[in-house]
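Colleague: Before I ask anything, here is the structure I am working with.
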Amino acid sequence: MKFCPKCGGLMLPIKRNKELMFRCRTCGYTVEVEEKTEGYVIRQNIRHKPLNKIVVTGEAKVEVLPKTKIICPRCGNHEAYYWEVQTRSADEPATRFFKCTKCGHVWREYQ
Numbered sequence: 003m004k005f006c007p008k009c010g011g012l013m014l015p016i017k018r019n020k021e022l023m024f025r026c027r028t029c030g031y032t033v034e035v036e037e038k039t040e041g042y043v044i045r046q047n048i049r050h051k052p053l054n055k056i057v058v059t060g061e062a063k064v065e066v067l068p069k070t071k072i073i074c075p076r077c078g079n080h081e082a083y084y085w086e087v088q089t090r091s092a093d094e095p096a097t098r099f100f101k102c103t104k105c106g107h108v109w110r111e112y113q
């Protein structure tokens, strides 16, 4: 670790014009890395928003869910249970899930 001689802040290695330098993250002081110095690595951390996951724990009793008239894409039945889950951000509508009363096929509908 290298500390800034001006303010005492932590200096981070950076590349400028293909040369390795240290720059203070507090005051911006910059100095070239001495040639005899080894072992410095420049890393770039990339943060991303993790995807939403839906976890199903056990079999839900679908008999207590409301039913609606909709055609099952698998068997053509005209009735399915349905429920809604907020799978996207709160300012977007919920996702509606359906489960066929005949074959048990589950599908979803975005509103």
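Position one of the sequence shown corresponds to residue 3 (the working numbering), numbered consecutively onward.
Idealized CB from N, CA, C, for every residue including glycine.
These numbers were taken from a predicted model, which means no experiment stands behind them.
1) Under three-state DSSP, which class holds V66?
2) For N19, which option in F99, D93, P7, E34 has the closest C-alpha, if you only look at C-alpha atoms?
3) Quick check: the Cα distance between K101 and A92, rounded to an integer number of angstroms?
4) Would you kindly report the start and end of the unbroken beta strand (DSSP E) that includes T32?
Modeller: Quick answer:
1) The sequence position of residue 66 within the sequence shown is 64, counting from 1. In the structure shown, V66 sits in a helix (DSSP, three-state: H, G or I).
2) Numbered from 1 along the sequence shown, position 17 holds the residue referred to as residue 19. Checking every option, the nearest Cα to that of N19 belongs to E34.
3) Along the sequence shown, one-based indexing puts residue 101 at 99. Along the sequence shown, one-based indexing puts residue 92 at 90. Distance between the alpha carbons of K101 and A92: 24 Å.
4) If you number the sequence shown from 1, residue 32 lands on position 30. 32-34 is the extent of the beta strand (DSSP E) around T32.
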